[in-house]
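**Q** Got a structure here, written out as structure tokens. Questions coming.
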Amino acid sequence: MEDFKHAMGLRDRYRFSKSGSIIKLSLILSLAVGIQSVAIAYPHNNATINKNKLANKAAITGKVVDETGVGLPGVSIKVKGTANGTVSDSKGVFAINAPDDAVLVFSFLGYESKEVAVAGKTSISVSLAPESKGLTEVVVTALGITKDQKKLGYSVSTVNGEQLNKAKESNVALSLQGRVAGLSVGGSNGGPGSSARVLLRGLTSFTASSPLYVINGVPMDNTQRGQSGEWGGADYGDGISNINPDDIESMTVLKGQSASALYGSRAVNGVILITTKSGKKNSPIGVEFNTNFQFDKAVDNTDYQQIYGQGIQGVKPNSLDAARNSGSLAWGSKMDGSDVIQIDGQTHKYSPVSNYIDFYRVAPSYTNTASFTGGNETGAFRLSASNLRANSMVPNSYLDRKTFNFNGSQQVTPKLNVNIVANYVIEDSKNRSGLSDGPGNPNNVQFLAPNQDQATLAPGVDPSGKELTFTDDSYVTNPYFAANNFISNVNRTRLISALSAKYDLTKWLYLQGRLGYDDSNDKRLNIEPTGTGYRNDNGAMNTSQTHINEFNADVLINGKHSLVEDLLSVDLTIGGNIRKSELTGTFINGQNGFIIPYFYSLTNFRSRDSGPQIDPAQKKQVNSAYYSADFSLKDYLVLSTTGRYDYYSTISKSVGPGIFSPSVSGSFIFSELKKMEGVDLGKVRLSFAQTSADALSYANTVYYSLNNSINGFPAAGFSSQLPNLFLKPFTLKELEAGLEMKFWGDRLGFDVTYFSRKTNNEIINGNLDWSTGYTNRYIGTGSTQNRGLEVEIHGTPVRTSDFSWTPSFNFTYVKNKILQTDGITNNNIGFGTFRPAASSGIAVTSLVVGLSGPQILATDYKRDASGNVVFDASGLPQRGDLKAMGSAIPKFYGGFNNSFNYKQINLGFLVDYRFGNKVLSGTENGSIFRGLNKLTLKGREGGVVGSGVTESGAANTVNVPAQTYYQALSRNVGAVSVLDGSFIKLRQVTLGYTFNSTFLKGTPFSSIGVAAVARNLWTIMKHTDNIDPESGFSADPRYAGIEGASLPFARTYGLNVNFKLKN
Amino acid sequence: MKKRYIFSFLVAGATLMASCSKNFEEINTQPDKTNGNLINPNFFMSQVQMTFSQTGYDQLLFQSMWTQSLASTFSYYSNGDKYVYGGGGTGYFNRTWNRGYSALTLVDEMKTLIKDKPEYANLDACGTILRAMFIQRITDLYGDVPYSQEGQAKNGIFEPVFDSQKDIYTAILTQLEQATAALDASKGTPTSDLFYGGNIVQWKRLGYSLMLKAAMRLTKVDAATARTYAEKAFIGGTMASIADNAKVMTDAAGNTSSNSDALLVPDDFREVRWGKTLIDFMQSSNDPRISAIAEITAANGRRANENRTLAGNNTAALQVGMPNGYTTSTIATATGYPGATPAADAEDAAAPLGKYSRPRLSVYPDRISANFIYSYGESELLLAEAASRGWATGVAATHYANALAADMATLSQYNTTGAATVSPAAIATYVAAHPLIATTALQQINMEYYVVTSTTFNFNETFANWRRSGFPVLTPVTFQGQFITGQVPRRMPYPTTLLQTNGPNYSAAVQRQGTDNFATRVYWDKQ
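Protein chains in written order, with the numbering used here: chain A, 81 to 1143; chain B, 18 to 544.
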């Protein structure tokens, strides 16, 4: 008799489950979580193995064949419950010793495993069937309703948590880059926890933003908490950046509007469903510990000239004052190794050092996550605790995030199931780096003259404590002073929770209620310290508290029933939702400087300014009702329709009560109708949907605000934004068609989708001239079109028992076109710009009718009728017309992901690419203005005579000193700052080894996985000389493709170790 | 059991629905703002006076240095000092425009709220006077600008036509005439008035003084109209003492002076100095105001120059104006360069501008100080000029003497500390020593206009009066890469954004007025 018992283990498990509910258990465990070491120390029960009873073994031989009868080599054959096993030979033949009553397990990658009882036989032949993934895959769709993927009439993609949590990004959304067709991901180089720009199917609308994130069926708040513009600022992260990647089971991307239409007016940017990990019923207590250590290393992407040093108009500094006025101007003389006075008051060699990158540190980050799972016959739970500490490359700056995640479900009665999910986040970020062109930004270190040793800027203060500035503009903060003295901290606590109950009325009908609550509190502190160069007092202090919450209550009833037996069935859902959201806040600022220097407290001011944070204040409620109905004709034709009605508090009654979002989709599985050789799945899809955008709060009434009183007299004003009583959100219509096929047991599969979407009546915040009384107005006349193609190809071209290669490739083409702005003059809609152009307008991103948005517009040289460059009387290039230079968002993009498995070794890498986008580079502009750019070498000796004509048409002969010429060039000709942003990058590499239980015999571990990980390892192709093409200071789509003075591009290397404890 | 669950579900659902859909309007009401029924329209007056008075960088960047009242070696000021773009360059064209129209918008809204409410008749008339004041500054700087269709986005006018400056001046004069006539001291008065605390008599005087100023702007182009309205204003009664000065005292709690805030940036106060043209003139007449307005750094070196708490040396004899057109590296080559002050110690750097006079720290960079808009002295100078031209506005010499005394006394109003007070004895001595002489009357009057508007940081007015009167005589700066060469700018180009926001009307205005640049003269600035 076979006798592998886990007696003690089983008894223990039952004792646990009988002694109390899952909730109680989790409470006990949560106490233990505080000390991570407890996780390791948790007592495990070694299985009791009776080694004396391995008797009655017999030799068994046989053959394994595939579905066509051909022998399968390399199939693993194991005696169930033992480590005893073998593999089939090249013809599929095998031999193994096994007891009479044993069960043999045949497994082979890509085929469904099979168990065969020996039952005294000595010859066993087995036929393995291909694993038909595509045929049985169940996916989560809108509202958390699971559906059979093959029946869907629209495109969805799922990314497993495993792909996101080995080589980690502190904002998990950034890990989606290159993984899903149709999804383009960008961000800001703002340090750990910065926001992500996630766009589905192009720039959906003028106000396109990230998709709606839905976590375990409940919408999550993704408010962007502030980011940089051309005038500087820091990136304070978005909502998704709080989520711990280790807790994510999968992310499902609902790309098309038909897929997301059940979210009604919030679906316009698409939806990403996040499913967090959960426990399984009837499973023993599992303990898992994951530790990840990574470090970011800054990459110097600049290729600046190394010939001319610091100085002005060809002269190197001759005094300390001159040195301090020209720290980032490389208009000096040829560097000759002579002694020259520098910013620190010392003499240094006038020789190139170009070591700005050394200002940035190699920044380590670590994540430790411990999780506990378990379940009995009526319930299951998972509890995890995680700590992330991500240091920024900027010294003295980090993100610290602790997350606690609980997921528990309990079958209260045979018909009632209750589920609770809670995700608690405590996040502290210290000194979020200033970005772009604003004060307090340490990244201006990137513009040092080539002979300037960045170390001469340290410690950033003179002996009196005053900031040591290094340019003639005190708003360009000394990087050491910015990093060590400025303070910009955020503390966030957040609870995302969901409570749901499901009651089975009958076998085919259930009722479900869900409550979701997402509540976050931010405390922000900003200090401009004593000694700040541009401040004339002892410094300033601003504090604010912001509270954001979103509450959702949802009730639905679902029934599945056949209308005509074996022919026509229906799956019907009807439900309602109430959503309340609110954003409020208060601020307190100290006034007129600290009284006592260096004492940074709100008490240290003569007076304080305080009040509500009026601008972000928002409150809205939406009541909704929805239905979804799927009609299936046998197994090959499915017709679905959904509809949702949203009744908004923010829409004026006079323009109607609400918005209806319908969708219709159909899928025809032709492979079910007629079986084809080698075809597992063949499906065509067609769908249509109309959704609309969210409506703004308070946008349809004139409001007056009370301002600070003036010497006791009350004062009032009002917004420069002209309200519009007739505001209604725009609509988006989308048609999608697709073909999905899978062959040979999923050895090869592809999914091709074409979509065409168009918006109508987009609300434009159009610019007005002040002389109209307002600077902006809302008008509902805009229209955007996106058409594109998404291709996903995946397969397993090589598959043996020990080795497999699983590549997948995705490709997206999106053609965006702005069809209409205000419909009358169709003026451009301004988006973003960079500081050199902030007021001169030489380069901006805009929505331009007829072109793809956001379009970079930049001034060309001034030219005459025959195209000659026209120089002014001083011989300087002048500002010409604004010209369209291309879109800031790529037209082609995608990724190529590969996974190789050899025995216990796994190698994965992701290459991603992007083509057809332009970058508006503040770095390029600044480097020309400052004489760092190689372009400025021409004419250093003897001056520049611009090739072109004068205003009168005669050839230009005026000789201009190089500095004067190139500074005029950067000031007048925006086009020189527009670069090609295409790239191909080796984005991620993971190399892992898993120690299995055989190896770990006698240890408390059931498995240990070790992986070396790296991100952004190699830029295979780029066209920008001085920057990384992905650089940016803001994740806002309006600032897409605009870069300058942000953190440098980083390579990340690390190690991920995962321990699973034995049960 | 089963029924109970279903019941609970339904009750919970129904309760939520019912409790939630009735108060939508309340939910969509901004909690921190109010509406037209509750707001007090008077509160707009204080805001608009403050807004309009805060000129700050608007004029510091351009007019203050075009008129050579100030000078700077700092790259940010090259727009004014050297006619070379610095900082945001063309992006600064809109500063006076935007400020002016945002102020006009507030007045318009105030006037809309009190329309047909007789109890607000005085507030309404004051609003009209303010509108005239505001549009004059805008049109003086740019020329043809929107006025008849200004501020009407609410009525659907998103691209207002540009009115000719001639028409705007006609409107200013007639509207001032009507508004001053409508003021009635027996009716309710403005309650939130930063100029005069609701004193209607003073408002009336301001109205007539503004009429006088608008009239006198037309001396080159339409002397007859100028005379008509100057005489009307004189009869109506212009400002009578420095108590009538139109000014706004700033407030350290959130409404500090934008002039002082600009000058308080260490870069700015280290590298902005009084101009040579102004200081030379004041030295030549032994003007006692020199010690009130100017000082050199008391200690050596750059650090001392960046120390705002270190009082300077205001001895009149030591005051030297800095010539325009130099950078920190080239200033040593300027004629009459007084030399740098040496570094105080090894950590310090030398201060190349240390011996040039700066606006006194205790006066101008004072966060609680007066933003002067229009002074009694200016009004008297305009009357003096009108009288000198033979118009019936009293005795020129008397007005001139009144003006000199008033202009010097006005400086005491600059700060609550009276830091810039000139002693009555010094004033009397100076006035006695500088009588108006008929043959040089226009020069004397307008040079004093130059001094008073410069010393009260009212450079918009300095610039306008220089263009009209030709005083002071300015030598244009020459420098590499100028946006205008061989002459001092005479106009501000339109905001660059107008092409996008109001293209057709912008083009029509340029067509009518001439190229949109720094050289084109506005209507009243006839060659």
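Note that beta-carbon positions come from the ideal geometry of N, C-alpha and C, so glycine has one too.
Do we get a CB-CB distance below 8 angstroms when we pair L652 of chain A with the residues of chain B?
**A** Counting from 1 along the first sequence, the entry for residue 652 of chain A is found at position 572. For L652 of chain A, the answer is no, since every Cβ of chain B falls outside 8 angstroms of its Cβ.
**Q** Would you kindly report the start and end of the unbroken beta strand (DSSP E) that includes N477 of chain B?
**A** For the purposes of this step, residue 477 of chain B is taken as the residue at position 460 of the second sequence. N477 of chain B -> not in any beta strand (DSSP E); alpha helix (DSSP H) instead, spanning F476 to S486.
**Q** Can a CB atom of chain A be found closer than 8 angstroms to the CB of W114 of chain B?
**A** Position 97 of the second sequence, counting from 1, holds the residue named residue 114 of chain B. Yes, because at least one Cβ of chain A sits closer than 8 angstroms to the Cβ of W114 of chain B.
**Q** Count the other CB atoms, across all protein chains shown, that sit within 10 Å of the CB of R879 of chain A; report buried if there are 16 or more and exposed otherwise.
**A** For this step, residue 879 of chain A is matched to residue 799 along the first sequence. When all chains shown are included, R879 of chain A counts as buried.
**Q** Taking 8 angstroms as the CB-CB limit, is V501 of chain A close to chain B?
**A** Your numbering for residue 501 of chain A matches position 421 in the first sequence. Cβ-Cβ to chain B under 8 angstroms: no for V501 of chain A.
**Q** Taking a Cβ distance cut-off of 7 angstroms, strictly less, list which residues of the region 688 to 705 of chain A are near chain B, in chain order.
**A** Result list: D689, P692, I694, A697, K699, K700, Q701 and N703.
**Q** Would you call T34 of chain A buried or exposed, if buried means 16 or more other Cβ atoms sit within 10 Å of its Cβ?
**A** As displayed, chain A neither begins before 81 nor continues past 1143, which places residue 34 of chain A out of reach and without an answer.
**Q** Find out if the Cβ-Cβ distance for the pair Y597 of chain A, Y555 of chain A is shorter than 8 angstroms.
**A** Along the first sequence, read from residue 1 onward, the residue named residue 597 of chain A stands at position 517. Along the first sequence, read from residue 1 onward, the residue named residue 555 of chain A stands at position 475. Not in contact: Y597 of chain A and Y555 of chain A (Cβ atoms no closer than 8 angstroms).
**Q** Kindly give me the distance between the Cβ atoms of V348 of chain A and S772 of chain A, rounded to whole angstroms, as I take these residues to be in contact under 8 angstroms.
**A** For this step, residue 348 of chain A is matched to residue 268 along the first sequence. For this step, residue 772 of chain A is matched to residue 692 along the first sequence. The pair is a contact, with the Cβ atoms about 6 angstroms apart (cut-off 8 angstroms).
**Q** So is Q66 of chain B buried or exposed if we call it buried at 16+ other beta carbons inside 10 Å?
**A** Counting from 1 along the second sequence, the entry for residue 66 of chain B is found at position 49. So Q66 of chain B ends up on the buried side.
**Q** Just the C-alpha distance for E457 of chain A and Q491 of chain A, rounded to the nearest angstrom, thanks.
**A** Translated into positions along the first sequence, residue 457 of chain A becomes position 377. Translated into positions along the first sequence, residue 491 of chain A becomes position 411. Approximately 9 angstroms between the Cα atoms of the pair.
**Q** From the DSSP output, read off the bridge partner residues of I749 of chain A.
**A** Indexing the first sequence from 1 puts residue 749 of chain A at position 669. Paired residue(s): A:K763.
**Q** State the DSSP-derived secondary structure class of H451 of chain B, mapped to helix, strand or coil.
**A** By one-based count along the second sequence, residue 451 of chain B stands at place 434. Three-state result, H451 of chain B: coil.
**Q** What residue range does the beta strand (DSSP E) around G266 of chain A cover?
**A** Start at 1 with the first residue of the first sequence, and residue 266 of chain A comes out as number 186. That run of the beta strand (DSSP E) goes L263 to G267.
**Q** From the beta carbon of F151 of chain B, is the nearest beta carbon of chain A less than 8 angstroms away?
**A** Start at 1 with the first residue of the second sequence, and residue 151 of chain B comes out as number 134. F151 of chain B does not count as touching chain A.
**Q** Can you list the alpha helix (DSSP H) stretches of 4 or more residues lying completely in the region 30 to 98 of chain B, in chain order?
**A** Segments of the alpha helix (DSSP H) lying fully in the region 30 to 98 of chain B: 41 to 44, 59 to 70, 74 to 77, 80 to 83 and 95 to 98.
**Q** In angstroms with no decimal places, state the Cα-to-Cα distance between A314 of chain A and I437 of chain A.
**A** The count along the first sequence starts at 1 and reaches residue 314 of chain A at position 234. The count along the first sequence starts at 1 and reaches residue 437 of chain A at position 357. Straight-line Cα distance between these residues: approximately 20 angstroms.
**Q** With a CB to CB cut of under 7 angstroms and the five nearest residues on each side skipped, what residues in its chain are close to Q182 of chain B?
**A** Taking the second sequence and counting its residues from 1, one reaches residue 182 of chain B at position 165. Contacts found: T156, G160, D161, V539, Y540 and W541.
**Q** Quick one: which residues of the region 792 to 823 of chain A get their C-beta closer than 8 angstroms to a C-beta of chain B? List them in chain order.
**A** Those residues of the region 792 to 823 of chain A that come within reach of chain B (Cβ to Cβ, closer than 8 angstroms) are F793, P794, A795, A796, G797, F798, S800 and L802.
**Q** Going along the chain, which residues of its own chain have a beta-carbon closer than 7 angstroms to the beta-carbon of A142 of chain B, five neighbours each way excluded?
**A** What you label residue 142 of chain B is simply residue 125 of the second sequence in a count that begins at 1. So the list reads A196, A199 and L200, once near-sequence residues are dropped.
**Q** For R915 of chain A, I'd like the list of residues in its chain whose CB is within less than 6 angstroms of its CB, leaving aside the five on either flank, ordered along the chain.
**A** In the first sequence, the residue the question calls residue 915 of chain A occupies position 835. Closer than 6 angstroms at the Cβ level, and outside the excluded window around R915 of chain A, lie E310 and D517.
**Q** Against R234 of chain B, what residues of chain A qualify as contacts under a CB-to-CB distance less than 8 angstroms, listed in chain order?
**A** Mapped onto the second sequence, residue 234 of chain B falls at position 217. Ordered by position in chain A, no residue passes the 8 angstroms Cβ test against R234 of chain B, which lies about 21 angstroms from the chain.
**Q** Would you verify that the beta carbon of S580 of chain A is, or is not, closer than 8 angstroms to some beta carbon of chain B?
**A** Locating residue 580 of chain A in the first sequence gives position 500, where the first residue counts as 1. No - not a single Cβ of chain B is within 8 angstroms of the one on S580 of chain A.
**Q** Let me check one thing: in DSSP terms, what residues is L990 of chain A bridge-paired to?
**A** Position 910 of the first sequence, counted from the start, is the residue given in the question as residue 990 of chain A. Paired residues: A:N977 and A:Q1068.
**Q** Is the beta carbon of I969 of chain A less than 8 angstroms from the beta carbon of L283 of chain A?
**A** In the first sequence, residue 969 of chain A corresponds to position 889, counting from 1. In the first sequence, residue 283 of chain A corresponds to position 203, counting from 1. In contact: I969 of chain A and L283 of chain A (Cβ atoms closer than 8 angstroms).
**Q** Unbroken beta strand (DSSP E) runs of length 3 or more, entirely within the region 612 to 698 of chain A: which are they?
**A** Fully enclosed beta strand (DSSP E) runs of 3 or longer: 620 to 644, 648 to 671 and 687 to 692.
**Q** Would you mind telling me which residues of chain B sit closer than 7 angstroms to I392 of chain A, beta carbon to beta carbon, in chain order?
**A** Here the question's residue 392 of chain A lines up with position 312 in the first sequence. Under the 7 angstroms cutoff, chain B gives S346.
**Q** Have a look at the DSSP bridge pairing and note the partners of L579 of chain A.
**A** Taking the first residue of the first sequence as 1, we reach residue 579 of chain A at position 499. Note: L579 of chain A sits in a beta bridge opposite A:I500 and A:L595.
**Q** At the level of alpha carbons, what is the spacing between S712 of chain A and A769 of chain A?
**A** Here residue 712 of chain A is taken as the residue at index 632 of the first sequence, counted from 1. Here residue 769 of chain A is taken as the residue at index 689 of the first sequence, counted from 1. Approximately 19 angstroms between the Cα atoms of the pair.
**Q** Determine, for N52 of chain B, whether the minimum Cβ-Cβ distance to residues of chain D falls below 8 angstroms.
**A** Although the question refers to chain D, the structure presented lacks it and instead comprises the protein chains A and B.
**Q** Residues in its own chain within less than 6 angstroms of S89 of chain B by CB, not counting five upstream and five downstream?
**A** Reading the second sequence from its first residue, position 72 is the one you call residue 89 of chain B. Contacts found: D98, E288 and V289.
**Q** Assign F182 of chain B to one of three DSSP states: helix, strand, or coil.
**A** For the purposes of this step, residue 182 of chain B is identified with residue 165 of the second sequence, where counting begins at 1. Checking the displayed sequence, the identity of residue 182 of chain B turns out to be Gln instead of Phe. Reduced to three states, the DSSP call for Q182 of chain B is helix.
**Q** What would DSSP say about E1123 of chain A, mapped onto helix, strand or coil?
**A** Translated into the one-based positions of the first sequence, residue 1123 of chain A becomes position 1043. Three-state result, E1123 of chain A: strand.
**Q** Do M339 of chain B and L227 of chain B come within 8 angstroms of each other at the CB atom, strictly closer than that value?
**A** Numbered from 1 along the second sequence, position 210 holds the residue referred to as residue 227 of chain B. Numbered from 1 along the second sequence, position 322 holds the residue referred to as residue 339 of chain B. Result no, Cβ atoms of L227 of chain B and M339 of chain B do not sit closer than 8 angstroms.
**Q** Determine the chain B residues that contact N847 of chain A at a beta-carbon separation under 8 angstroms, and present them in chain order.
**A** Locating residue 847 of chain A in the first sequence gives position 767, counting from the first residue. T514, Q517 and T518, listed in chain order.
**Q** Could you round the C-beta distance between A450 of chain B and I501 of chain B to whole angstroms and report it? I think they count as a contact, below 8 angstroms.
**A** Taking the second sequence and counting its residues from 1, one reaches residue 450 of chain B at position 433. Taking the second sequence and counting its residues from 1, one reaches residue 501 of chain B at position 484. Wrong, their Cβ atoms sit about 39 angstroms apart, outside the cutoff.
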